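Notes to accompany the following structure.
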Amino acid sequence: MPFNPHTPGDVQQMLAAIGAKKVEDLFDEIPKELRIEALAGIPDALNEMQIGRLMMARAAQDGTPLNFIGAGAYEHHIPAAVWAVTTRGEFYSAYTPYQAEASQGTLQLIYEYQTMITSLTGMEVSNASMYDGGSAVAEAALMAVRAHRKSKSQRILVPTTVHPNYRKVAVATASGQGLRFEEVPCPRGQLILADLAKYQGEDITAIVIQQPNFFGQLEDVDAITDWAHANGIFVIGSVNPTSLAILKPPGQWGAKGVDIACGDCQPLGVPLSSGGPYAGFMTTRMEYVRQMPGRIVGRTVDANGKQGFALTLQAREQHIRRGKATSNICTNQGLLVTAATIYLCLLGPEGLARVANTSHQRTNELIAALTRVKGVKLAFEGPRFHEAVLLLDRPVAPVIAELANRGIVGGFDLSTDYPELGNALLVCATETRSREDIQKYADALTETLKAAVRAA
Amino acid sequence: MSEIPADLKYTKSHEWVRTLANGNVEVGITDHAQSALGDLVFVEVPDSGKALKIGDAFAVVESVKAASDVYAPVAGSVVEGNAALGSQPELINSEPYGAGWIMRLKPGGAPAGLLSAAEYQAHLAAEG
Amino acid sequence: MAMLKHPEKIIFEYSRPGRGAFGQWPTERGTANNVAADIPEPLRRKQPAMLPEVSELEVVRHYTRLSQLNFSIDTHFYPLGSCTMKYNPKACNQYAMLPGFLTRHPLAPESLGQGFLACMFELQEMLKEVTGMQGVALSPMAGAHGEFAGVAMIRAYHRARGDLARNEIIVPIAAHGTNPATATMCGCVVKEIPVNDEGDVDVEALKAAVGPNTAGIMLTNPSTCGVFERRIKEVAKIVHDAGGLLYYDGANLNAILGKVRPGDMGFDVIHMNLHKTFSTPHGGGGPGAGAVGVSSRLLPFMPIPVVGRDGDKYRWLSEKDLPQSIGRLSAFMGNAGVLIRAYIYMRMLGREGMHRVGEYATLNANYLMARLAQAGFDPAYPTRRASHEFIITAKKQARDLGVTAMDFAKRLLDYGFHAPTTYFPLLVPECLLIEPTETESKEALDGFIDAMIAIQKEAESNADLVKSAPHTMTVRRLDDVRAARQLDLTWKTSQGLRPTSENAGPSS
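Residue numbers (our numbering), protein chains in the order written: chain A, 1 to 456; chain S, 1001 to 1128; chain Z, 2001 to 2508.
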């Protein structure tokens, strides 16, 4: 059996020490009628060579098409050093740093990560990460309810410009505790103060603002933040970390900055990998630190006065507080935090700004190239980061399918989540898309749309 | 052996109650409780004016290994929480019956159902 | 383990203005490094992001050195009870990171993801088979997340039947802290019941606790005490007869993999910890994956998305297919990369390997327990078989020598072993919850036994040595009271300033 070092001699010696005759005797406390002989439905074992062939065949089957989707998961260049260091066994196979003296590497890394993420978001304190950007929004809403001493309504305003899956995750995660998520329709592709007028004077606990929003458009974050605070509403900013190299960070929105900033670290050195694992981040003001879920690393000293790091504020967490915990979360996405931290150091402030600017530039070029194709229009004017919504003159799904046949992942079909937009396609280009890639897409789209007209 | 002043009253959940000269009551946690919790790192005290029924959780005491609620032994309204605990939670460890008081309360009625020092001592012995 | 003589600095202390890993930056000519002109001025960042300015070698060296400060499975025996620290096969990592899987966007067309979806579908099927359940959903992103899904499904089930009063979840007091925390997150009330001296749930207390408000019970089997819940069929009947459902916390699945199936024990829903039983990496705290399995009555409520098959085509099942689903718990489909690693591992174990896991995990634990008992240590449940883990209590040492379980744990680090779990179960005082896993050799176990014997001798002759351990780590015992009282959660320069490109570096 693979990974198992026992020789028959070992087994005999061990059974002798235990005083049992055979291994099966060790299960004698389990009622006989519950014990199974074998799992018929599991296939025979494959050795490493065989599983390698199978996985390579399946990966080759899926191939590596040219990707133009963002929608919350962004393809960026990941420096080779990121995963070479992250997959070192000492990071990869280490456990949660509960025994601090045996985990100073992981703990110091998380402390550095916390420092970088608070800097990036312009806030005061960070935790060691959440599962992903969607659950981070859910946890932020729960935290707002705990931290907001005056509001009792537990109503959370969520504009429809927030990622549709983030909204669904928030509802699935937090409505069980009585939170009510109210959608604010944004037909113009942006949240406008006029859309919020009807909430003036009501008891609302928090509002979620996504920047850039799901359509790639930039929201008027200062005006909305100030409006919210003037009405006693907590502000949760859900932000793209790459964009923060060039956009005003949530800690500086409006007069006071947001109360909680969150998002997903995926763009920072974490591959798309079919949807996960990613890592959510959460930062807040120092006064709310005890309401923040998840692990937190603090710097302290040891018995000799030497600098060291340890998990702190653990009394809020599940393993101590049990039924009264701030959350049941037991994990942080340690491996992904490691990757994101190394990525941020390799990019630095200049490199990250270049990634952001280049991605912005490429998306502008993509829009220009695609809107030159007959039957394609840009949906929303106004400033954007690195995504845009295009409107087609026909249903989007068959166009995407045809592009897929040509090795292009053309974008995300918005017609299920936003039927009111019509035939809408969300497209994205980052620094990984060259001008040749963009031309290839434009050509393929031209042929696709022409072919359908010919067929009609 | 934990200290249990004879002139105070107690609850099974390890709060103590002192009746002040002006009729208000002062509440804290016992020596046994602070010892079990270990070094306190944070205490959340109630705001004045808050109305409490018997058994309402009115404060949280947090150490590195545990965070516990503190329960109102008497119904009434909070006069003040001990502001000193904000910067010096360790007062509860060093002076649980003195400077480590947690809140003062204007009682709704006469305190009832509380344990005497001897009864609290017996309760601790039974808990084991 | 490489013991660094000098403490490793904070990365910001290496920072110098103008330094950078230039090979990693886009170099496009014509792209301004100042902010794009079409972003309005009020929305632009005014000060550059405050990140370290360091060369590539400095980054690699710094984080490589930090890694050398860690204990890990690759370097140390790591008998953390309830965590299943078994070897993480390198093949799982290598093949999960093939470009076809790694660069695939989660929202890409399914026609371009049939290879990936085939792996996910087969993983669902294998997990159904090993657990004896009727459906499996893969999207919960950690064990606690899977717990949440399980309890949410139980609530959804009762509500769908119009039984709105059922909001009580029964939890044994020995349970892992996530269990009551999860129940509360789902808007339920927690009812704790005791465990008897033999480590079994108190069945009489359970009978008294069930009633018309019982939504369900959360159990681990083998329990967190390291022993099999012998009366599980009776427990299942009591809860089912009262109208409640049974939730299985799969943290200890390693003990019974291939030997017993939770579905056969009567459980209605189970969460699995793929990062424990199925050997995906712990990664310094994550990512995990908490797949859930359900009986047929909970199939309609599974969290989405789930992989389905139409003929020979795989596709995602979502809101339309499962209208009563408890919803989406992940922005996309969960921790795909973790799931691929679990798939590879299960294919390498195969049918024969699955039950060897349970057998050798149990053999290793019973061997350790027998030898430690023979050496004079006190098992918490001496009359019981160990499952894949067991508890030694240091009550005697604490009372007679003033040496606690935590002290043993810290001194074990000096002997080159990661400590067992000490912080739970709460009901055994001074507990060491020890889980060797099946991938450890007899020699590794013998080394651990010898270390425990040596520490016991030290405790008897030189208690202070043990109480002030560890002595040979990069740090001595850390002041966690200070860590909580004087919160230092982000690095600042010695002047107390947040790092910027101007002030980072040794002169600050």
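Beta carbons are placed, not taken as given, at the ideal position from N, Cα and C, and that holds for glycine. Quantities reported herein were computed from a predicted structural model and do not represent experimental measurements.
**Asked** Any Cβ of chain A within less than 8 Å of the Cβ of cysteine 2225(Z)?
**Response** Indexing the third sequence from 1 puts residue 2225(Z) at position 225. It does not; no Cβ of chain A falls within 8 Å.
**Message:** So with CB distances below 7 Å, who are the chain A contacts of asparagine 2088(Z)?
**Reply:** Within the third sequence, the letter at position 88 stands for residue 2088(Z). Under the 7 Å cutoff, chain A gives Tyr92 and Ser93.
**Prompt:** Does the separation of the CB atoms of glycine 351(A) and glycine 2018(Z) fall below 8 Å?
**Reply:** For the purposes of this step, residue 351(A) is identified with residue 351 of the first sequence, where counting begins at 1. For the purposes of this step, residue 2018(Z) is identified with residue 18 of the third sequence, where counting begins at 1. No, Cβ-Cβ distance for glycine 351(A) and glycine 2018(Z) is not below 8 Å.
**Request:** For alanine 2331(Z), name the three-state secondary structure that DSSP assigns.
**Result:** Here residue 2331(Z) is taken as the residue at index 331 of the third sequence, counted from 1. Alanine 2331(Z) falls in the coil class under three-state DSSP.
**Request:** With a 10 Å radius around its C-beta and 16 neighbouring C-beta atoms as the bar for buried, classify glutamate 2041(Z) as buried or exposed.
**Result:** Taking the third sequence and counting its residues from 1, the one referred to as residue 2041(Z) is at position 41. So glutamate 2041(Z) counts as exposed.
**Item:** Nearest neighbour of asparagine 2196(Z), chosen from Arg2230(Z), Lys2276(Z) and Gln2114(Z) [CA to CA]
**Value:** Indexing the third sequence from 1 puts residue 2196(Z) at position 196. It is Arg2230(Z) whose Cα lies nearest to the Cα of asparagine 2196(Z).
**Request:** Helix, strand or coil for isoleucine 457(A), going by three-state DSSP, please let me know.
**Result:** Lying outside 1 to 456, the shown extent of chain A, residue 457(A) is not represented and no answer is given.
**Message:** Does glutamine 2456(Z) pass the burial test, meaning 16 or more other C-beta atoms within 10 Å, or should it be called exposed?
**Reply:** Within the third sequence, residue 2456(Z) is the residue found at index 456, counting from 1. Burial call: buried.
**Prompt:** Between the stretch 2277-2285 of chain Z and the stretch 2070-2087 of chain Z, do three or more beta carbon pairs fall short of 8 Å?
**Reply:** Flag = yes, the stretch 2277-2285 of chain Z and the stretch 2070-2087 of chain Z touch.
**Message:** With three or more beta-carbon pairs closer than 8 Å as the criterion, would you say the stretch 225-245 of chain A touches the stretch 132-143 of chain A?
**Reply:** yes
**Request:** Report yes if the CB atom of alanine 73(A) is closer than 8 Å to the CB atom of phenylalanine 2101(Z), and no otherwise.
**Result:** For the purposes of this step, residue 73(A) is taken as the residue at position 73 of the first sequence. For the purposes of this step, residue 2101(Z) is taken as the residue at position 101 of the third sequence. It is not a contact, given that the beta carbons lie outside the stated cut-off.
**Request:** Please go through the same chain and pick out, in chain order, the residues whose beta-carbon is closer than 6 Å to the beta-carbon of threonine 2031(Z), but skip the five residues on each side of it.
**Result:** Residue 2031(Z) sits at position 31 when you count from the first residue of the third sequence. In this prediction, threonine 2031(Z) scores a pLDDT of 48, lower than 50, which makes its location untrustworthy; the coordinate-derived value is nonetheless stated afterwards. If we look at threonine 2031(Z) and ignore the five residues flanking it on each side, it has no Cβ neighbours.
**Item:** Strand pairing of lysine 150(A), partner residues [DSSP]
**Value:** Translated into the one-based positions of the first sequence, residue 150(A) becomes position 150. None, per the DSSP bridge assignment.
**Message:** To be precise: take each residue of the stretch 2472-2484 of chain Z, compare its Cβ to all Cβ atoms of chain S, and keep it if any distance is under 7 Å. Which residues remain?
**Reply:** Asp2480, Val2481 and Ala2484
**Asked** Does DSSP put histidine 2240(Z) in a helix, in a strand, or in coil?
**Response** On the third sequence, residue 2240(Z) is found 240 positions in, with the first residue counted as 1. Looking at histidine 2240(Z) - three-state DSSP - the assignment turns out to be helix.
**Request:** Please confirm if glutamine 61(A) has its CB atom under 8 Å from at least one CB of chain S.
**Result:** Indexing the first sequence from 1 puts residue 61(A) at position 61. Not an interface residue.
**Request:** Express the C-alpha separation of tyrosine 2314(Z) and aspartate 457(A) in angstroms, rounding to a whole number.
**Result:** Nothing about residue 457(A) can be read from this structure; chain A reaches only from 1 to 456.
**Message:** Is phenylalanine 214(A) close to chain Z? Criterion is C-beta to C-beta, closer than 8 Å.
**Reply:** For the purposes of this step, residue 214(A) is taken as the residue at position 214 of the first sequence. Not closer than 8 Å to any Cβ of chain Z, the Cβ of phenylalanine 214(A) fails to qualify, so no.
**Prompt:** Under the rule that 16 or more other beta-carbon atoms within 10 Å means buried, what is valine 2428(Z), buried or exposed?
**Reply:** Residue mapping note: residue 2428(Z) aligns to position 428 of the third sequence, counting from 1. By the neighbour-count rule (16 or more Cβ atoms within 10 Å), valine 2428(Z) is buried.
**Message:** Does methionine 14(A) come out as helix, strand or coil in the three-state DSSP assignment?
**Reply:** Here residue 14(A) corresponds to residue number 14 of the first sequence, with the count starting at 1. Helix at methionine 14(A).
**Prompt:** Who does glycine 178(A) pair with in a DSSP beta bridge?
**Reply:** Mapped onto the first sequence, residue 178(A) falls at position 178. Paired residues: none, contrary to the question.
**Prompt:** glycine 323(A) to glutamate 447(A), Cα distance in whole Å?
**Reply:** As a working note, residue 323(A) is residue 323 in the first sequence. As a working note, residue 447(A) is residue 447 in the first sequence. Because glycine 323(A) carries a pLDDT of 48, less than 50, the predicted location of this residue cannot be relied on, and the following value inherits that uncertainty. The straight-line gap from Cα to Cα measures roughly 60 Å.
**Request:** Could you tell me the boundaries of the alpha helix (DSSP H) in which threonine 1030(S) lies?
**Result:** Looking up residue 1030(S) in the second sequence gives position 30. Threonine 1030(S) -> no alpha helix (DSSP H), and no H or E assigned at all.
**Prompt:** Quick one, which residues of the stretch 2261-2275 of chain Z are near chain A if we go by CB-CB under 9 Å, in chain order?
**Reply:** Against chain A - using a Cβ distance shorter than 9 Å - the residues of the stretch 2261-2275 of chain Z are Arg2261, Asp2264, Met2265 and His2275.
**Item:** chain Z contacts from the stretch 256-283 of chain A (Cβ-Cβ distance under 7 Å)
**Value:** Within the stretch 256-283 of chain A, those residues whose Cβ lies closer than 7 Å to any Cβ of chain Z are, in chain order, Pro271, Leu272, Ser273, Ser274, Gly275, Gly276 and Pro277.
**Item:** the stretch 1059-1083 of chain S: positions lying closer than 8 Å to chain A by Cβ
**Value:** Glu1062, Ser1063, Val1064, Lys1065, Ala1066, Ala1067 and Asp1069
**Message:** Using DSSP's beta-bridge definition, name the partner residues of asparagine 2070(Z).
**Reply:** Mapped onto the third sequence, residue 2070(Z) falls at position 70. Answer is Ser103(A).
**Item:** Inter-residue Cα distance where the pair is aspartate 2310(Z) and alanine 59(A)
**Value:** Walking along the third sequence from the start, residue 2310(Z) turns up at place 310. Walking along the first sequence from the start, residue 59(A) turns up at place 59. Using only the alpha carbons, I get a separation of about 21 Å.
**Prompt:** What do you reckon, are the CB atoms on isoleucine 207(A) and alanine 194(A) nearer than 8 Å?
**Reply:** The residue given as residue 207(A) occupies position 207 in the first sequence. The residue given as residue 194(A) occupies position 194 in the first sequence. Inclusion of isoleucine 207(A) and alanine 194(A) in the CB contact set at 8 Å is not warranted, their separation being larger than that value.
**Item:** Neighbouring residues, chain S, relative to alanine 128(A) (Cβ below 7 Å)
**Value:** Here residue 128(A) is taken as the residue at index 128 of the first sequence, counted from 1. Correct list: empty, because the minimum Cβ distance to chain S is about 17 Å.
**Message:** My output table needs one value for proline 1107(S): the three-state DSSP class, helix, strand or coil.
**Reply:** Residue 1107(S) sits at position 107 when you count from the first residue of the second sequence. Here proline 1107(S) sits in strand by DSSP.
**Request:** Can you have a look at arginine 2029(Z) and say buried or exposed, based on whether 16 or more other CB atoms are within 10 angstroms of its CB?
**Result:** As a working mapping, residue 2029(Z) is identified with position 29 in the third sequence. The predicted position of arginine 2029(Z) is uncertain, since its pLDDT is 49 and thus under 50; a value taken from the coordinates is nonetheless stated next. The residue is exposed, with fewer than 16 neighbouring Cβ atoms inside 10 Å.
**Asked** What residues match up with proline 2172(Z) in a beta bridge as DSSP calls it?
**Response** Translated into positions along the third sequence, residue 2172(Z) becomes position 172. Partner(s): Ile2193(Z).
**histidine 2271(Z) in three-state terms, based on DSSP** = Within the third sequence, residue 2271(Z) is the residue found at index 271, counting from 1. Strand.
**Asked** For a contact meaning CB atoms closer than 7 Å, what does aspartate 1039(S) contact in chain Z?
**Response** Taking the second sequence and counting its residues from 1, one reaches residue 1039(S) at position 39. Under the 7 Å cutoff, chain Z gives Val2481.
**Distance, serine 273(A) Cα to glycine 2337(Z) Cα** = Looking up residue 2337(Z) in the third sequence gives position 337. Looking up residue 273(A) in the first sequence gives position 273. When rounded, the distance between both Cα atoms is 6 Å.
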